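In our numbering, the protein residues as written are 6 to 628.
Here it is in structure tokens:
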């Protein structure tokens with residue numbers, strides 16, 4: 006007999022706890038209805054998702070999914086945060102990136118950002134993309150340097166840029182204890198991007214000076230973005246950041262600094278992607294891994310990693326760039342929940358050139374809204390205790406540690422870069438991911454899915470490439486690059502002829518029979534900038550003659566049949582033959598491959614969209 010509580014509200018504890026086997030049995034029943042005969046663990050595996058690095062996300066996690074003790078925020082192994090209070094006190098540092106050569110324009114931009122929510126500045130100094138060193142004073146005119154931390158990015162002019170920044174501190178009366186930020190010395194990151202051998206001497210000198218004179222300044226940036234931008238996975242990005250950090254530790258301690266002091270000079274930079282759970286796990290795993298390095302180096306208390314998260318440049322698209330706002334919002338959410346100390350949101354038009362004022366406003370407000378309206382920073386380590394996140398953190402850490410050890414066995418990061426080990430590994434990872442992108446198993450909204458071939462392009466002032474003309478180094482990739490190349494061909498055809506390449510959609514039968522596959526075909530061809538043209542009344546295409554007339558009227562030389570399997574059996578061969586007679590050079594059928602006379606190729610969910618679209622543009626003679 007069940008005893009009812011006095012208030013009449015029965016607690017959940019009154020229900021029996023279902024077992025894992027019971028849940029699995031229910032899963033088997035659902036899969037059986039979809040035509041999959043699986044049982045036991047195979048049923049669970051059928052619903053699992055394979056990620057990069059050999060990781061797998063399962064459909065169900067329980068308390069039985071064990072993971073190492075994560076400790077408490079602010080204490081080793083720092084998985085739950087480098088500080089006991091996390092970002093709860095004031096939120097994370099909103100760090101805006103600026104890469105302008107004109108000091109006056111840069112000054113206007115930074116003052117506007119600081120007045121409207123930005124709390125620190127990330128400035129490109131020197132080189133073809135940054136403000137000249139002698140223009141830094143003008144660029145920072147009116148900036149309260151004791152309140153706004155400065156992060157420098159000056160790989161080619163580190164000594165000059167750092168010297169000038171410290172001179173400005175002295176000139177403007179900023180106490181050395183009030184100077185905050187990072188000088189951004191990262192010779193190994195520069196080697197990764199350019200192929201030029203790294204000299205760690207300058208980084209060591211500046212680290213020693215900051216340690217002795219400027220307690221709030223960090224001299225060295227451990228930037229993992231070069232590996233992320235070269236197509237690396239999350240585990241590879243983490244593993245190479247560890248190898249970079251260890252290389253700097255060796256150099257700094259070799260110059261006489263203590264392990265504690267050397268660790269205090271490092272700031273780690275990671276990419277935050279729209280996969281928010283992977284981003285959360287990556288930042289948590291990064292702290293745990295660096296804590297292990299500090300422990301092995303004899304300074305476990307110095308393992309609190311300072312993290313700067315940057316929304317991924319790889320995920321930013323040039324077509325339909327407005328969707329980038331959604332991507333960066335998810336990435337910022339992941340970075341905030343993951344415990345990043347500083348977050349840089351790249352403007353939605355980052356891939357197009359220099360951002361305008363509106364784009365910078367949206368970028369800084371992304372963090373502000375998440376902190377001030379969504380209260381994302383109010384809870385310390387909000388993902389802590391999630392069985393899924395804890396397990397993913399553990400598995401990601403293990404994969405990253407394995408790659409870190411592989412890099413160390415190769416002689417450390419500098420040797421691994423010179424030997425090609427890093428490049429080969431990242432190239433293989435990107436090749437596998439490119440295949441998923443081409444097959445649209447990893448969709449890109451606005452590009453490979455739901456494209457708008459006729460969209461009005463968003464134009465921006467070109468941005469200088471800081472690494473243009475570099476003799477070597479790792480490549481920089483983007484998720485949209487294969488489809489962008491196809492769309493560029495379509496744009497060139499439009500400019501040359503006044504119209505885009507066309508494909509005729511032969512929709513057979515009533516709307517109920519063809520609508521789904523028509524939408525699929527229009528979507529797929531649109532991803533290549535190919536305009537889909539329907540007959541006057543698609544539902545009226547009932548025979549070959551009607552289809553042939555409609556094709557001729559459309560002006561297209563490629564056609565795609567769209568209907569149900571039942572109608573294909575009745576009409577596909579007849580209509581395909583009529584289309585060929587009317588001048589169709591290529592006839593597709595939307596559906597699984599079959600054997601229909603007159604049909605040249607098939608388009609279906611999971612097909613290689615890039616290969617299909619490339620072949621179509623080639624057949625059309627689109628250069």
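Glycine residues also receive a C-beta, built at the ideal position from the N, C-alpha and C atoms.
Computed from a predicted model, the values in this text were never measured in an experiment.
Chain-order list of residues whose beta-carbon lies under 6 Å from that of residue i (same chain, five-residue window excluded)
i: residue 52; result: 64
i: residue 607; result: 594, 598
i: residue 475; result: 199
i: residue 509; result: 538, 556, 559, 561, 564
i: residue 311; result: 272, 346
i: residue 569; result: 518
Whole-angstrom C-beta distance between residue j and residue i, which should lie under 8 Å
i: residue 291; j: residue 273; result: 7 Å
i: residue 76; j: residue 84; result: 6 Å
i: residue 127; j: residue 102; result: 4 Å
i: residue 444; j: residue 613; result: 6 Å
i: residue 244; j: residue 405; result: 5 Å
i: residue 250; j: residue 295; result: 7 Å
i: residue 616; j: residue 129; result: Rounded, the Cβ-Cβ distance is 38 Å, inconsistent with contact.
i: residue 572; j: residue 514; result: 5 Å
Simplified DSSP assignment, three categories, for residue i
i: residue 183; result: helix
i: residue 510; result: strand
i: residue 601; result: coil
i: residue 310; result: coil
i: residue 535; result: coil
i: residue 593; result: strand
i: residue 479; result: coil
i: residue 269; result: coil
i: residue 567; result: strand
i: residue 454; result: strand
i: residue 158; result: strand
i: residue 322; result: coil
i: residue 222; result: strand
i: residue 299; result: helix
i: residue 153; result: coil
i: residue 132; result: coil
i: residue 418; result: helix
i: residue 74; result: coil
i: residue 6; result: Its pLDDT being 48, under 50, residue 6 is placed unreliably in this model, and the value from its coordinates should be taken loosely. Coil, per DSSP.
i: residue 546; result: Reliability of the predicted coordinates at residue 546 is poor, the pLDDT of 49 falling under 50, and no value is obtained from them.
i: residue 381; result: coil
Alpha carbon of residue i to alpha carbon of residue j, nearest angstrom
i: residue 531; j: residue 104; result: 34 Å
i: residue 150; j: residue 180; result: 10 Å
i: residue 494; j: residue 624; result: 13 Å
i: residue 588; j: residue 603; result: 12 Å
i: residue 229; j: residue 252; result: 14 Å
i: residue 50; j: residue 57; result: 16 Å
i: residue 456; j: residue 621; result: 17 Å
i: residue 275; j: residue 164; result: 24 Å
i: residue 134; j: residue 141; result: 14 Å
i: residue 329; j: residue 366; result: 14 Å
i: residue 125; j: residue 368; result: 14 Å
i: residue 321; j: residue 578; result: 43 Å
i: residue 567; j: residue 558; result: 18 Å
i: residue 59; j: residue 398; result: 14 Å
i: residue 263; j: residue 419; result: 22 Å
i: residue 503; j: residue 436; result: 35 Å
i: residue 168; j: residue 155; result: 13 Å
i: residue 442; j: residue 182; result: 49 Å
i: residue 265; j: residue 299; result: 8 Å
i: residue 431; j: residue 482; result: 11 Å
Host alpha helix (DSSP H) of residue i (start-end)
i: residue 199; result: 192–199
i: residue 577; result: 570–586
i: residue 394; result: 392–414
i: residue 68; result: Note, residue 68: premise wrong, no alpha helix (DSSP H); not H, not E.
i: residue 620; result: 614–625
i: residue 434; result: 426–443
i: residue 495; result: 486–502
First through last residue of the beta strand (DSSP E) which encompasses residue i
i: residue 129; result: 125–129
i: residue 103; result: 98–103
i: residue 337; result: Where residue 337 is concerned, there is no enclosing beta strand (DSSP E), although the alpha helix (DSSP H) it sits in stretches over 329–343.
i: residue 374; result: First-last for residue 374: 362–377, but that is the alpha helix (DSSP H), not the beta strand (DSSP E).
i: residue 35; result: Premise fails: residue 35 lies in the alpha helix (DSSP H), 25–38, not in any beta strand (DSSP E).
CB contact below 9 Å: residue i versus chain B
i: residue 395; result: In the structure shown, chain B does not exist; there is a single protein chain.
Close-in-space but distant-in-sequence residues of the same chain around residue i (CB under 7 Å, 5 per side omitted)
i: residue 633; result: The requested residue 633 is not part of the displayed model; the chain covers only 6 to 628.
i: residue 630; result: The structure shown does not extend to residue 630, since the chain spans only 6 to 628, so no value can be given for it.
i: residue 386; result: 78, 85, 86, 91, 344
Same chain, Cβ closer than 8 Å to residue i, five either side skipped, listed in chain order
i: residue 458; result: 492, 495, 505, 531, 534, 535, 536
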